[in-house]
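Below is one structure; the comments refer to it alone.
Residue numbers (our numbering): 1223 to 1310.
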């Protein structure tokens, strides 16, 4: 994802469930239904600290662009043949 999304940071990502996150919908869904790939997109309203948006405040246009890039990354991870994208 860090190659396709300009503001994603793998080094700033966490892949553990901390005690304060145990009651979140993402963790509850994973535990109750066994859904392994639940994602949470968290952003600062102040902007990015790296990449092409470094020193910019996020606005709606930038947030929509980032959301689309994140969706495309998740899609590519789970549907590399591109068949399901046409159905969405």
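All C-beta atoms in this analysis are idealised placements derived from N, C-alpha and C, irrespective of residue type, glycine included.
Query raised in the report: Would you report the Cα separation of residue 1294 and residue 1230, rounded to the nearest angstrom?
Result: 13 Å
Query raised in the report: Since residue 1280 and residue 1292 are thought to touch, with beta carbons under 8 Å apart, how far apart are those beta carbons, to the nearest angstrom?
Result: Their Cβ separation, rounded to whole angstroms, is 13 Å, which puts residue 1280 and residue 1292 out of contact at 8 Å.
**Report entry** Between the CA atoms of residue 1285 and residue 1241 - distance to the nearest angstrom
**Finding:** 29 Å
Requested in this report: Within the same chain, show all residues whose beta-carbon is closer than 7 Å to that of residue 1244, passing over the 5 residues directly before and after it, in chain order.
Outcome: none
Requested in this report: Return the first residue and the last residue of the alpha helix (DSSP H) that residue 1251 is part of.
Outcome: 1247–1255 is the span of the alpha helix (DSSP H), which, as asked, contains residue 1251.
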